[in-house]
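Below is one structure; the comments refer to it alone.
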Amino acid sequence: MVKKVAIISGGSGGIGKTIAKSYAKLGINVVLLARNEGRLKEAVKEIKSEGGSAKYVIADVTNASTLQKAINEVFDDFGRVDIVVNCAGGGPVGGILDITDEQWNENISIKQQGYVRLTREAIPYLIKSGGGHIINIIGVFGKQPHPDFIIGSMTNAALLAFTKAVSEEVAKFNIYVNAINPGATDTELWQNTVGEMAAKSSIPADIINKNISELSPLGRIANPDDIAKVAEFLISDNAKFITGSSINVDGGAYRGIA
Ligand SMILES: NC(=O)c1ccc[n+]([C@@H]2O[C@H](COP(=O)([O-])OP(=O)(O)OC[C@H]3O[C@@H](n4cnc5c(N)ncnc54)[C@H](OP(=O)(O)O)[C@@H]3O)[C@@H](O)[C@H]2O)c1
């Protein structure tokens, strides 16, 4: 049987690596993209030690040519690309009066335009492979904007619109495009975010963590595995009639109904 191939941007980070591990356990060849080679090597080693097939390509999502090169390399190696997970991102804590133009530009280029670039570069290869899946790891601030996370709120809302629009354009190629909206998820990014919030508010980090856990009726923040389980579902036959959708994985913290 032909082994599928998944490219995961941000594959060395908390959520991306966990998705990569769970896909590798399904027998998928996973290819991790990120900038720091040491962390990429470590992630590939972990996946291989669990019996998975993994490789990495150093790529910066702010640079379309490194992404083109990376996808070409993957296609040359495996002859196909079946799944693309957009997961490289982050973003500072801050409101409209705090965030500088440089921070806006940098973060829009990484997360918003990074997802756009990788999607655009990957679609021709997904088409050559007979279709596949694009999964955008976005975030609940796209649906419930927060003034202290102004960049994340804006870019996530834009990426929800992007997911919907692209899903319609590529459905004819048998390409599914969906989003997952994590709530607060226990990764290095989250720990750094809590540190920044603590420094700005002088509220201790453990109190911030507790308060945010209590926003969920389930009383905790997510762990990366909660997100990976949904990423598994979205590439499964159980999700055959789901495209252009976004699924919140936030323990019910988001209180809207749409
Ligand atoms: N954790 C949360 O609470 C949470 C909540 C909602 C949404 N999200 C979203 O989920 C995604 C993953 O978050 P995470 O918590 O797993 O973050 P993380 O642990 O900080 O991992 C981020 C990953 O992105 C990579 N990356 C960053 N900038 C990049 C660039 N320019 N080019 C290529 N790779 C880049 C990092 O590697 P290098 O630095 O080596 O490049 C790393 O692999 C992000 O889009 C984040 O906004 C997270």
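Per the working numbering: the sequence shown = residues 43 to 300. Note that the Cβ used here is the ideal one computed from N, Cα and C, for glycine as well.
Segment limits, beta strand (DSSP E) that includes residue 83: Stepping through the sequence shown from its first residue, residue 83 is reached at position 41. Unbroken run through residue 83 is the alpha helix (DSSP H), 79-91; no beta strand (DSSP E).
Start-end ranges of the alpha helix (DSSP H) lying completely within the stretch 230-285, minimum 4 residues: Taking only runs of at least 4 residues, the alpha helix (DSSP H) segments lying wholly in the stretch 230-285 are 230-243, 247-255, 266-276.
Going by Cα to Cα distance, which pick from 165, 297, 190 is closest to residue 140? In the sequence shown, counting from the first residue as 1, residue 140 sits at position 98. Closest by alpha carbon: 190.
Helix, strand or coil: which one does DSSP assign to residue 158? The residue you call residue 158 lines up with position 116 of the sequence shown. Residue state, collapsed to three classes: helix.
Going by other Cβ atoms of all chains shown within 10 Å of its Cβ, with 16 needed for buried, is residue 80 buried or exposed? Against the sequence shown, residue 80 aligns to sequence position 38. So residue 80 ends up on the exposed side.
Here's a check: name, in chain order, each residue in its chain whose Cβ is nearer than 7 Å to the Cβ of residue 109, leaving out the five neighbours to either side. Taking the first residue of the sequence shown as position 1, residue 109 is located at position 67. Only residues of its own chain outside the window of five on either side were considered, and among them 101, 103, 159, 160, 163 have a CB closer than 7 Å to the CB of residue 109, listed in chain order.
Just checking my contact of residue 56 with residue 227 at CB under 8 Å: how many whole Å lie between their CB atoms? By one-based count along the sequence shown, residue 56 stands at place 14. By one-based count along the sequence shown, residue 227 stands at place 185. Contact holds; Cβ gap of about 7 Å.
Quick check on the DSSP output: the beta strand (DSSP E) that includes residue 67 runs from which residue to which? Along the sequence shown, read from residue 1 onward, the residue named residue 67 stands at position 25. For residue 67, there is no enclosing beta strand (DSSP E); the enclosing alpha helix (DSSP H) has its first and last residue at 56-67.
Any idea what DSSP makes of residue 103, helix, strand or coil? Indexing the sequence shown from 1 puts residue 103 at position 61. Of the three classes helix, strand and coil, the one that applies to residue 103 here is coil, per DSSP.
Residues that DSSP places opposite residue 75 in a beta bridge: Taking the sequence shown and counting its residues from 1, the one referred to as residue 75 is at position 33. Paired residues: 51, 99.
By a C-beta neighbour count over all protein chains shown, 10 Å radius and 16 as the cutoff for buried, is residue 13 buried or exposed? The structure shown does not extend to residue 13, since the chain is modelled only from 43 to 300, so the question has no answer here.
Output the distance between the C-alpha atoms of residue 47 and residue 71, rounded to the nearest integer angstrom. Your numbering for residue 47 matches position 5 in the sequence shown. Your numbering for residue 71 matches position 29 in the sequence shown. Straight-line Cα distance between these residues: approximately 5 Å.
If residue 123 and residue 168 are in contact, beta carbons under 8 Å, what's the gap, nearest whole angstrom? Here residue 123 is taken as the residue at index 81 of the sequence shown, counted from 1. Here residue 168 is taken as the residue at index 126 of the sequence shown, counted from 1. Yes, they are in contact, since the Cβ atoms of residue 123 and residue 168 sit about 6 Å apart, within 8 Å.
Which one or two residues does DSSP pair with residue 2 in a beta bridge? Residue 2 falls outside the range modelled here, since the chain spans only 43 to 300, and no answer is possible.
Does DSSP classify residue 221 as helix, strand or coil? As a position in the sequence shown, residue 221 is number 179, starting the count at 1. Strand, per DSSP.
If the criterion is Cβ atoms closer than 7 Å, does the pair residue 68 and residue 76 meet it? Taking the sequence shown and counting its residues from 1, one reaches residue 68 at position 26. Taking the sequence shown and counting its residues from 1, one reaches residue 76 at position 34. Against a cut-off of 7 Å, the Cβ pair of residue 76 and residue 68 comes out as no contact.
According to DSSP, simplified to helix, strand and coil, what is residue 227? In the sequence shown, counting from the first residue as 1, residue 227 sits at position 185. Reduced to three states, the DSSP call for residue 227 is strand.
Roughly how many angstroms lie between the CA atoms of residue 116 and residue 243, to the nearest whole one? As a working note, residue 116 is residue 74 in the sequence shown. As a working note, residue 243 is residue 201 in the sequence shown. Roughly 45 Å separates the two Cα atoms.
Please report the straight-line C-alpha distance between residue 198 and residue 153, rounded to a whole angstrom. Counting from one through the sequence shown, the residue named residue 198 turns up at place 156. Counting from one through the sequence shown, the residue named residue 153 turns up at place 111. When only Cα atoms are considered, residue 198 and residue 153 end up about 9 Å apart.
From residue 113 to residue 230, what does the alpha carbon distance come to, in whole angstroms? Residue 113 sits at position 71 when you count from the first residue of the sequence shown. Residue 230 sits at position 188 when you count from the first residue of the sequence shown. Computed Cα separation, rounded: 27 Å.
Count the other CB atoms within 10 Å of the CB of residue 182; is the residue buried (16 or more) or exposed (fewer)? As a working mapping, residue 182 is identified with position 140 in the sequence shown. Buried, since its Cβ has 16 or more Cβ neighbours within 10 Å.
So is the beta-carbon of residue 147 under 6 Å away from any non-hydrogen atom of ligand 1? Here residue 147 corresponds to residue number 105 of the sequence shown, with the count starting at 1. Answer for residue 147: no, Cβ out of range of ligand 1.
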